[in-house]
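Since the structure comes first, as structure tokens, the remarks are kept for the end.
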Amino acid sequence: MKSWEGQNKMVRVRFAPSPTGYLHIGGARTALFNWLFARHNKGVFILRIEDTDILRTDESSLESILEDLKWLGLDWDEGPNTEGNFGPYFQSQRQEIYPKYIKILFEKGYAYYCYCTPFELEQRRNLALSEHKTPGYDGRCRNLGSEEKKKYEAEGRRPAVRFKIPDEGKTEFRDLIRGEVVFDNKLLDDFVILKSGVSAVNSGRGGLPTYNFANVIDDALMEITHVIRGDEHISNTPRQILLYRALGFKEPVYVHIPLILGKDGSPLSKRHGTVSVGWYREQGFLPEALVNYLVLLGWAPDGIRQILRVEDMIKEFIIERVSKNPAIFDIDKLTWINSEYLKNMDPDKKTDLVIEYLVSSGAICSAPMSDVISDSVSEASELHRGAEKDKIKEIVNIIGDRLKIISDIETYGSFFFTDEIKYDETELSSKLSDEKVRKGLAVLKEKFASIMFDHQNIEQTVRDVARELGLKAKDIIHPLRYVLTGKTVGPSLFESIALLGREKTIARLKIGTDTIF
RNA sequence: GGCCCCAUGGUCUAGCGGUUAGGACAUCGCCCUUUCAAGGCGGUAGUAGGGGUUCAACUCCCCUUGGGGCCGCCA
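For the first sequence, my numbering assigns the number 542 to the initial residue and increments by one for each residue that follows.
Encoded structure:
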């Protein structure tokens, strides 16, 4: 038995991002599937950072990836900042591990030095491509004599190490969602397992293992039982399996999940708009909604239920049921799912999220100014803040289900947080073109000064004024909304006015109507 | 160019030889209504094409077409 399959061994899976950018939507789903598989099987979810290419890694992306994973609720059992017996979990800290296995491969005759320069290889590849031939490495350094080696060394060439692929035979593996996949070894070329660091461009990379090599060593040493990763790695799999076999390691079970595509059917990337998890967080998408949407991209427990709690996902996640076909990312459905979560969210929590959003967007201050003056007033500030929160809670309440993502607060509630209402001149004058409407607004401005300012009275007053002028209620409601909020859409007008308050309402009626006259 | 993967409405999917091909998003219409949402009701829309196998194919096999991936001293 060469693989972990059927061995009743503790499931161990890993997500292995390279810290060269932000967490991508596709990466997030790969992480999610790994995490769900681990949790479903009561196994271990490992986070390993593949930072071998030091030229391309940066600290800030590592932090944001960790932050995004945590935000999504994908906690890891082993990895950065977490105990584990299979560390270190940064590839850059595992460099002393790899030479040993390179040596073993040499001893077993599976490895050899290659003196071809990147430039030469590039030229040959381009030539092959132009002749419509397979561009792979031709194996010319496989059997170099010591004379030739000396000659190359004398030229100052630093060799890379390549893995020798068997000339004959086929390499097959079973993929949990695709079944048997077979590759003819003849079609595989000898790939580099240890970089040479020969040129200036590559300085700093010398002697480092390549992805295909380090990945296998790390997975084997970390006793990864199931490799769950993107579709794009299928072609790499036979090479990796051959490495496992050459080294006598137990092979993992493979699961290649389909890619997430953009609207045009090409793999989701920056040019399709925003693909970083961080962006969705900033826009006010909820982590549970994003997770819910992502899991539906390729997996459905029954094809009926759309809203799934994480506990249910864990309970029902059968990885063999993951779809084979790629899925197109659809932000409309994500938005719908988000709105479903928002509809059922506790008002206090929703309000907190809105406040958080408003603060980060600069629409409101995080705390009253008095806060910074002295401790003695901070108690009063707390009260003030509590009052602010109650107010915002009411605003959130009247906006209701219109809030599909938190940032929708801007389209529906911005007029509560600023006095600088921007009017479109054309819109405004068309709204106020009717003499009776202008008259009505003027009357309302007077009446609002003296009525009891709650939404029932406000509504009554507006309707009365409209009737007295021989207008339909909506003929005055729409202009009134526009003058007060600068928008043609929004929550219930009368409740909005009540929340806006008498003073601001009257002031805006004055400014709004003055603008046109 | 070679090899590999994939194929149910615009999108995500259910289906696992016999179904009026189900659900959801989006879309359209109507109702509700102060706008926009929400909600209710209803509608449009799908098995890529061609061959087999079978009493019977969305379902199994082959080919074609289409889409994607890999063929890096990137991961």
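Heads up, the beta-carbon is just placed ideally off N, CA and C, and yes, glycines get one too.
These numbers were taken from a predicted model, which means no experiment stands behind them.
Alpha carbon to alpha carbon, how far is residue i from residue j?
| i | j | result |
| --- | --- | --- |
| Glu1000 | Lys988 | 12 Å |
| Ser917 | Glu823 | Note on Ser917: pLDDT 44, under 50, position unreliable in the model; the coordinate value appears next. Distance between the alpha carbons of Ser917 and Glu823: 34 Å. |
| Gly789 | Leu668 | 37 Å |
| Leu875 | His1019 | 32 Å |
| Leu838 | Phe870 | 8 Å |
| Ile606 | Tyr563 | 6 Å |
| Val742 | Pro867 | Low confidence applies to Val742: its pLDDT is 42, below 50, so where it sits in the model is not reliable, and the reading given next is rough at best. Roughly 36 Å separates the two Cα atoms. |
| Arg715 | Ile936 | 56 Å |
| Glu773 | Lys791 | 23 Å |
| Phe858 | Asn777 | 26 Å |
| Gly1053 | Phe994 | 20 Å |
| Leu809 | Val818 | 13 Å |
| Phe498 | Met854 | An answer regarding residue 498 cannot be provided, because it is not within the stretch 542 to 1058 covered by the chain. |
| Asp965 | Ile950 | 21 Å |
| Ala755 | Arg555 | 14 Å |
| Phe704 | Glu688 | 22 Å |
| Glu721 | Tyr630 | 31 Å |
| Ser974 | Lys1045 | 23 Å |
| Phe1035 | Leu1010 | 19 Å |
Between which two residues does the alpha helix (DSSP H) harbouring residue i extend?
| i | result |
| --- | --- |
| Phe958 | Ile950 to Phe958 |
| His767 | No alpha helix (DSSP H) contains His767, which is instead part of the beta strand (DSSP E) from His767 to Gly771. |
| Phe647 | Tyr639 to Glu648 |
| Ile1018 | Ala1014 to Thr1026 |
| Ile896 | Pro888 to Ser901 |
| Leu728 | Here Leu728 belongs to no alpha helix (DSSP H), and DSSP marks it neither H nor E. |
| Pro560 | Run containing Pro560: none; DSSP gives neither H nor E here. |
| Ser605 | Glu600 to Leu613 |
| Leu1040 | Leu1034 to Leu1041 |
| Asn833 | Pro828 to Leu837 |
| Gly981 | Glu976 to Phe989 |
Using DSSP's beta-bridge definition, name the partner residues of residue i.
| i | result |
| --- | --- |
| Tyr752 | Beta-bridge pairing links Tyr752 to no other residue. |
| Phe714 | Val722 |
| Thr623 | Gly620 |
| Leu735 | Val702 and Pro750 |
| Pro808 | Leu802 |
| His797 | Arg770 |
Which first and last residues belong to the beta strand (DSSP E) in which residue i is found?
| i | result |
| --- | --- |
| Arg553 | Arg553 to Phe556 |
| Tyr653 | Ala652 to Cys655 |
| Ile587 | Val585 to Leu588 |
Short check: CB of residue i to CB of residue j, under 9 Å?
| i | j | result |
| --- | --- | --- |
| Val794 | Leu728 | no |
| Glu881 | Ala841 | no |
| Ser559 | Ile590 | yes |
| Tyr752 | Gly825 | no |
| Ile706 | Asp679 | no |
| Ile638 | Leu762 | yes |
| Pro799 | Trp612 | no |
| Pro700 | Tyr656 | yes |
| Phe957 | Ser901 | no |
| Thr571 | Arg770 | yes |
| Val1024 | Arg1049 | yes |
With H, G and I counted as helix, E and B as strand and the rest as coil, what does DSSP make of residue i?
| i | result |
| --- | --- |
| Glu792 | strand |
| Ser817 | strand |
| Asn743 | Reliability fails at Asn743, whose pLDDT of 40 lies under 50, so the model's placement of it is uncertain and the value that follows must be treated cautiously. DSSP places Asn743 in coil when its eight states are reduced to three. |
| His850 | With the sequence shown as reference, residue 850 is identified as Arg, and His is not the correct amino acid for it. The answer is coil: DSSP assigns Arg850 none of H, G, I, E or B. |
| Pro779 | helix |
| Ile860 | helix |
| Ala579 | helix |
| His996 | helix |
| Phe870 | coil |
| His774 | helix |
| Phe631 | strand |
| Val1030 | coil |
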